[in-house]
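Here's the structure, in structure tokens; my notes come after.
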Amino acid sequence: MKKNTNLFFSLTLSAIVSGAGMTAVKNSYADEQESSQNEAIRGAFLFGKYCTLCHGEDGLGEGVLSMRLGTYPSTNLLDPDHRFKTKERIKSAIIEGGSSDGIDLHESMPPYGAELSESDIDAVASFISYLRSETEPAITLLRQKITLIPLRRTAGRDLFKSHCVLCHGQKGLGDGRMARMLKAKKLTPPANLTLSRLPDESLFEIISKGGAAVGRSSFMPTWEEQLTVRQRKAIIKYIKSLRTY
Ligand code: HEC
Ligand code: HEC
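Residue numbers (this note's numbering): 101 to 345.
Here it is in structure tokens:
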């Protein structure tokens with residue numbers, strides 16, 4: 101109720117300021133609708149890039165990462181019990197993550213305040229609202245955007261950052277945010293990639309098929325469905341550049 105009242109006031113105010121009566125109100129409303137739609141489209145792209153690893157490709161929490169950790173908190177953004185409802189609250193969850201004392205979120209939700217610009221955070225929050233209100237078209241949009249994530253010169257590094265650092269760490273030392281959790285559970289920690297001596301074919305195999313398929317830890321996920329061959333090759337080139345011997 102409160103929200104509608106505010107919207108009404110702001111529209112009335114813009115009409116008075118512009119002095120153009122009802123048409124101005126209608127136009128500014130249509131503009132607002134259109135720009136929030138564009139924002140959600142950009143947000144879908146960003147969500148595909150940064151968030152699907154834990155929140156899944158359809159926001160249902162079926163991310164490669166979250167599915168593998170039994171006691172991991174639910175990352176289902178469509179859960180009707182979600183605690184972050186308004187766009188402002190969603191933004192605060194994304195900016196602060198589970199890092200601050202003031203916000204009730206599990207520590208493995210990363211803070212994006214330093215990594216993403218304010219307008220990117222706005223866009224990704226709009227996409228989450230869209231996903232919650234119009235789930236089906238939002239998922240279709242997300243799937244479309246995921247296939248469009250382009251390969252740039254820095255693709256290998258970018259993909260490594262968005263898909264691998266959580267476990268392997270910024271510099272590939274095997275000390276990412278999730279490494280602590282694996283170590284605490286006495287599970288095989290993520291490999292130190294700076295010391296890896298695997299040849300290209302073996303790198304391609306473990307990255308594509310995952311650890312379990314090659315007799316290694318099943319916490320090394322399979323990537324063949326999430327990353328194209330082109331993308332996997334770009335990552336391989338990048339992780340080899342991290343080698344220090
Ligand atoms: C490393 C895994 C991980 C990544 C990557 C991640 N999240 Fe999360 N996120 C979580 C977890 C775990 C929770 C649930 C925390 C809880 O329930 O206390 C969560 C919760 C949230 C919530 C609050 C849900 C609610 O209850 O309303 C929002 C919003 C959110 N994440 C958005 C994002 C966005 C946007 C991105 C990408 C920019 C992202 N997350 C990336 C793990 C992740
Ligand atoms: C959920 C955590 C996790 C994520 C995310 C992850 N890995 Fe791993 N990775 C592991 C673990 C654990 C191992 C160690 C497997 C073992 O030794 O049994 C590993 C091992 C590897 C190895 C083997 C290195 C060697 O020389 O033995 C490579 C290569 C690798 N990961 C690449 C990647 C790439 C590339 C990505 C991102 C696309 C990635 N990993 C994402 C957990 C992860």
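Every residue gets a Cβ at the ideal spot worked out from N, C-alpha and C, and that includes glycine. The structure displayed is predicted, hence computed values, not measured ones.
Residue i, buried or exposed, once every other Cβ within 10 Å from all chains shown has been counted against 16
i: Glu157; result: buried
i: Gln331; result: buried
i: Val329; result: exposed
i: His263; result: buried
i: Lys245; result: buried
i: Thr152; result: buried
i: Thr247; result: exposed
i: Ser364; result: Examination of residue 364 is not possible in this model, given that the chain is present from 101 through 345 alone.
i: His155; result: buried
i: Gly121; result: Low per-residue confidence applies at Gly121: pLDDT is 39, beneath 50, and the placement is therefore not dependable enough to give any value.
i: Gly272; result: buried
Any non-hydrogen atom of ligand 2 within 7 Å of residue i CB
i: Met281; result: no
i: Pro299; result: no
i: Lys311; result: In the sequence under discussion, the amino acid at residue 311 is Gly, which differs from the Lys named in the question. Checking every heavy atom of ligand 2 against the Cβ of Gly311, one is found closer than 7 Å.
i: Ser199; result: no
i: Ile339; result: yes
i: Arg316; result: yes
i: Ala291; result: yes
i: Phe319; result: yes
Closer than 7 Å: residue i CB and nearest ligand 1 heavy atom
i: Val224; result: yes
i: Ser217; result: no
i: Ser174; result: yes
i: Tyr345; result: no
i: Leu177; result: yes
i: Ala193; result: yes
i: Arg155; result: The residue asked about is misnamed: residue 155 is His in this sequence, not Arg. Within the cutoff, so yes.
i: Cys267; result: no
i: Cys264; result: no
i: Ser302; result: no
Which of helix, strand or coil DSSP assigns to residue i
i: Gly198; result: helix
i: Glu325; result: coil
i: Glu207; result: coil
i: Asp220; result: helix
i: Asp300; result: helix
i: Cys154; result: helix
i: Leu309; result: The displayed chain sequence assigns Lys, not Leu, to residue 309. Lys309 falls in the helix class under three-state DSSP.
i: Asn176; result: coil
i: Leu282; result: helix
i: Phe319; result: coil
i: Phe184; result: coil
i: Leu146; result: helix
i: Ala124; result: Below a pLDDT of 50, predicted positions are generally treated as unreliable, and Ala124, at 45, falls in that range; the measurement from the model is reported next regardless. The answer is helix: DSSP assigns Ala124 an H, G or I state.
i: Ala334; result: helix
i: Ala193; result: helix
Any C-beta of chain D under 8 Å from that of residue i
i: Ile190; result: Absent from the structure: chain D. Only one protein chain is present.
Pick out the complete alpha helix (DSSP H) segments inside the stretch 223-278, 4 residues or longer, and give them in chain order.
235-248, 255-263, 265-268
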